[in-house]
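Since the structure comes first, as structure tokens, the remarks are kept for the end.
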Amino acid sequence: MGQQKITVPKGTKDILGEEVVWWQKVEEVVREMANLFGYQEIRTPIFEQTELFARGVGEETDIVQKEMYTFQDKGGRSITLRPEGTAPVMRAYIEHGLSVTNPRVKWFYLGPMFRYERPQAGRMRQFHQFGFEALGFSRPAVDVEIILVAYLIYQELGLSELTLELNSLGCEKCRPSYLSKLTKFLEERKDNLCANCVRRLEKNPLRVLDCKEEGCQNLFKSPSFPVIEEYLCSDCRNHQFKVEAGLENLGISYQINPFLVRGLDYYTKTAFEVKTGQLGAQDAIGGGGRYDQLSAALGVPGVAGVGFAAGIERIVLLLEKTQQETRPKKVPCLYLSPLDEEGEKQVLRLARELTKWRVPFYCDFADKGLRYHLKKAQKSGVKWVLMVGQEEIERGGFSLKNLTSGSQVFLQEDELLRLLQKEKSLC
RNA sequence: GUGGAUGUAGCUCAACUGGUCAGAGCACUGGACUGUGGCUCCAGGGGCUGGGGGUUCAAAUCCCCUCAUCCACCCCA
800 MGQQKITVPK
810 GTKDILGEEV
820 VWWQKVEEVV
830 REMANLFGYQ
840 EIRTPIFEQT
850 ELFARGVGEE
860 TDIVQKEMYT
870 FQDKGGRSIT
880 LRPEGTAPVM
890 RAYIEHGLSV
900 TNPRVKWFYL
910 GPMFRYERPQ
920 AGRMRQFHQF
930 GFEALGFSRP
940 AVDVEIILVA
950 YLIYQELGLS
960 ELTLELNSLG
970 CEKCRPSYLS
980 KLTKFLEERK
990 DNLCANCVRR
1000 LEKNPLRVLD
1010 CKEEGCQNLF
1020 KSPSFPVIEE
1030 YLCSDCRNHQ
1040 FKVEAGLENL
1050 GISYQINPFL
1060 VRGLDYYTKT
1070 AFEVKTGQLG
1080 AQDAIGGGGR
1090 YDQLSAALGV
1100 PGVAGVGFAA
1110 GIERIVLLLE
1120 KTQQETRPKK
1130 VPCLYLSPLD
1140 EEGEKQVLRL
1150 ARELTKWRVP
1160 FYCDFADKGL
1170 RYHLKKAQKS
1180 GVKWVLMVGQ
1190 EEIERGGFSL
1200 KNLTSGSQVF
1210 LQEDELLRLL
1220 QKEKSLC
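If you're matching positions, the first sequence starts at 800 in our numbering and goes up one per residue.
As structure tokens, this is what we get:
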């Protein structure tokens, strides 16, 4: 009986090689934008008490009903691997007393999330999100800022042909009356709804709006179908108007989608999603909105909040699909080729000097001849190769070859370091 | 969780209706070329054909189960 091959768990993957360079690029852009807008990083635990998500995300959501990685730890506590980032951020805000000491904060995060789902391209059980959250702000200008940050990140990554869909989900004052109108309308036409929607109607009628079945879609087109926009209270209507005006002011185009509802219960007022046409069924590459009711669900009413999160896997898929030619490369400036044991000593000593000058290099300690080293260096795309063997040691210096021009010089260490110092910006 | 498609070398793919030791390209290793790269030529390593069971004289090929991947539903990032 042969040993079974050990592979990654279902729905997870290793990120390596050329792909990891894209990940680094995304993370770099995210951190840069956070820095420019003054959002501080927050790192919350990978797992939380199950109760946080049950109450924060909403008992009726798919996430809580069937997608959570929940287990008992050895102390009998119910623990859940975080399925999303907003509830933990709000938990941290409350836990650290910020509502009293520093009620308005802007945070961003970056890291793995976990949902137990059937894997598919762009849908992993361990997936990664970055997110931006502004807590304690109720002005619509902050909704606009959050969308602007998302917009600029996608732009910086060179992603175009994205659509921004926008809706308002109302608030605790106006949503109930809309819900009863919607429920009434749907109840009266129950026969035309698909089986799924009949079930949704009982549990969470708002989700019916998300249905793509033809029969349900036809209902939505009916002139008497209640559209949420018409039921918003003046506060929500006003808020939505200002968000739209703010986006127009920035030249960010959007589409109002009255059927956009989000899968998490905590959203109020603004909800948005960023979609692409190039990823098949998993077309949402980012989304967010306002969640003024989340803090109340966690026991501290009255903390406003707005944020967005984006999936790094999906962004990388898009980048690989559309940006092949601009894929960032990681090539060192200098390739160090020791040709014998003495050469290795010299190379290691030189490596320490090179770090002082901040010259990026790669040491290849393969026990091979010069031909091998040059071939490898050539393949790596590096410009400069430094050769150190008996010949160089006897003459007390280094042979430096330029692989693009083919020319080669013999240099003393101080000359070498000075040259590389100048050259490193060109590598 | 439901439905469909696909699993052959590290990668991309061959192997007529079941029929001699499962092949090629790329990649890798060694050599031609002992300290000077890209090219060329030669040689080599690699596979329980995803796993298990069955049918058959004979299975990569047919049947069943299982696992994995992909696609769709669902849901979202």
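We put the beta carbon where it would ideally sit given N, CA and C, even for glycine.
Residue pairing by DSSP places S1179 opposite no residue, since no beta bridge is assigned to it. Spatial neighbours of C1226 in its own chain (CB-CB distance under 6 Å, excluding positions within 5 residues in sequence) are listed in chain order as C1132 and K1182.
In this chain, the beta strand (DSSP E) harbouring R1089 covers A1083 to R1089. Less than 7 Å divides the Cβ of E1028 from the Cβ of P1057. When secondary structure is reduced to three states using DSSP, L1202 falls in the coil class, being assigned neither helix nor strand. In this structure, G1188 lies near L1138, with their beta-carbon atoms less than 7 Å apart. By the Cβ criterion, the region 881 to 896 is not in contact with the region 820 to 835, since fewer than three pairs of Cβ atoms, one from each stretch, lie closer than 8 Å.
Taking a C-beta distance under 7 Å as the contact criterion, L985 and Y1053 do not qualify as a contact pair. Contact between A1108 and E883 holds, with the beta-carbon distance rounding to 7 Å and staying under 8 Å. Straight-line spacing of the CA atoms in P1025 and K980 works out to 7 Å. L880 has F846 and Y868 as its beta-bridge partners, per DSSP. With respect to V1102, I1084 sits apart: the two C-beta atoms are not nearer than 7 Å.
Beta-bridge analysis with DSSP links M1186 to S1136 and S1198. By the C-beta density criterion, W1156 is exposed, having fewer than 16 other C-beta atoms within 10 angstroms.
By the CB criterion at 7 Å, Q925 and T811 fall inside the cutoff. Inter-residue distance for Y1065 and P887 is about 13 Å (C-alpha atoms, whole angstroms).
Here Y1171 is exposed: its Cβ has fewer than 16 other Cβ atoms, across all protein chains shown, within 10 Å.
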